[in-house]
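Protein chains: 2
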Amino acid sequence: MKDQLTAQNSKSKIENRKSQIPATPEPPYYAVIFTSVRTDVDDNYDDMAARMVELASEQDGFLGIEHARDNIGITISYWRDEESIRRWKDHAEHRIAQRNGYEKWYSSFATRVCKVERQNLKL
Amino acid sequence: MKDQLTAQNSKSKIENRKSQIPATPEPPYYAVIFTSVRTDVDDNYDDMAARMVELASEQDGFLGIEHARDNIGITISYWRDEESIRRWKDHAEHRIAQRNGYEKWYSSFATRVCKVERQNLKL
Numbered sequence: 061m062k063d064q065l066t067a068q069n070s071k072s073k074i075e076n077r078k079s080q081i082p083a084t085p086e087p088p089y090y091a092v093i094f095t096s097v098r099t100d101v102d103d104n105y106d107d108m109a110a111r112m113v114e115l116a117s118e119q120d121g122f123l124g125i126e127h128a129r130d131n132i133g134i135t136i137s138y139w140r141d142e143e144s145i146r147r148w149k150d151h152a153e154h155r156i157a158q159r160n161g162y163e164k165w166y167s168s169f170a171t172r173v174c175k176v177e178r179q180n181l182k183l
Numbered sequence: 061m062k063d064q065l066t067a068q069n070s071k072s073k074i075e076n077r078k079s080q081i082p083a084t085p086e087p088p089y090y091a092v093i094f095t096s097v098r099t100d101v102d103d104n105y106d107d108m109a110a111r112m113v114e115l116a117s118e119q120d121g122f123l124g125i126e127h128a129r130d131n132i133g134i135t136i137s138y139w140r141d142e143e144s145i146r147r148w149k150d151h152a153e154h155r156i157a158q159r160n161g162y163e164k165w166y167s168s169f170a171t172r173v174c175k176v177e178r179q180n181l182k183l
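In order, the protein sequences belong to chains V and B.
Sequential numbering of the first sequence, starting at 61, is according to this note's numbering.
Sequential numbering of the second sequence, starting at 61, is according to this note's numbering.
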């Protein structure tokens with residue numbers, strides 16, 4: 061389990077990626093908004109979170125990701141179409157992370173799947 | 061300007077609200093994802109941000125708001141329909157805040173308007 065979820069990138073590379081706003085293409089495309097409140101359980105949460113960012117970014121149809129956490133955590137991943145969201149949701153390693161999230165890492169959460177209709181970027 | 065943007069709620073009340081995930085209604089409804097990177101300019105930024113949360117929550121069609129900031133800031137406001145988003149965008153006090161944001165508070169930002177098509181809430 062631990063091996064499966066160990067982050068393969070250095071933390072600084074992940075932090076670097078997280079600090080940028082992705083230059084998404086012209087809409088329409090899709091967004092998955094994942095909002096969460098953490099429990100007090102650590103159990104390699106940071107490794108899992110970093111690994112999921114890494115893994116998501118390798119999937120077909122992935123367009124970018126944004127993340128911030130203070131009182132709540134918000135992670136938004138952007139996708140080309142609904143099919144790429146479905147494949148990512150069903151990815152074996154991601155399913156393990158989702159189950160662990162529901163069972164121990166999150167006291168509450170919301171997943172919202174959205175169609176991005178327009179955007180205004182100043183990057 | 062300062063008077064206009066002074067937060068009327070105590071900071072603790074705002075923090076309280078921000079820590080919750082809103083119980084949004086059944087989709088479809090709309091989300092405005094605002095992602096930003098701050099400049100080093102302070103100039104009452106926190107007062108303005110708190111005031112905008114307060115003001116948005118009073119608008120017709122407002123459904124909830126989520127916010128987190130670490131390397132980047134993410135604020136997602138949820139709305140009943142596109143018309144309520146348009147009215148909020150054009151609200152006089154909000155327009156002043158937007159202009160100040162573009163001119164001094166944000167080095168980069170993205171606004172994305174989305175239609176929420178489905179959700180999974182565990183609140």
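Cβ coordinates follow ideal geometry from the N, Cα and C atoms, glycine included.
With respect to chain B, the C-beta atom of V:S137 has no partner C-beta closer than 9 Å. Residue state for B:G161 is assigned as helix, using DSSP reduced to three classes. Within a 10 Å sphere around the beta-carbon of B:S167 sit fewer than 16 other beta-carbons, which makes this residue exposed. Taking C-alpha positions only, V:A116 is separated from B:S137 by approximately 25 Å. Chain B has a Cβ within less than 9 Å of the Cβ of V:P87. In the structure shown, the three-state DSSP call for V:E118 is coil. With a cutoff of 9 Å on beta-carbon distance, V:G133 and V:F94 are scored as near each other. Listed along chain V, no residue sits closer than 7 Å to B:V92 by beta-carbon distance, the nearest being about 10 Å off. Around the beta carbon of V:E126, a 10 Å sphere encloses 16 or more other beta carbons of the protein chains shown; the residue is thus reported as buried.
Residue environment: B:Y89 is assigned as buried (16 or more neighbouring CB atoms within 10 Å of its CB, all protein chains considered). Shown in chain order are the members of the segment 149–171 of chain V whose Cβ falls below 8 Å from a Cβ of chain B: Y162, Y166, S168, F169, A170, T171. DSSP places B:E86 outside both helix and strand once states are collapsed to three, so it counts as coil. Sequence-ordered contacts of the segment 113–144 of chain V with chain B read E126, A128, R129, D130, N131, I132, G133, I134, I136 [C-beta pairs closer than 7 Å].
B:T99 has a beta carbon lying at 9 Å or more from every beta carbon in chain V. Contact of V:R147 with chain B is not assigned, every C-beta pair being separated by 9 Å or more.
When the five nearest sequence neighbours on each side are left out, the beta carbons in the same chain lying within less than 6 Å of the beta carbon of B:V97 are those of I132, S167, S168, in order along the chain.
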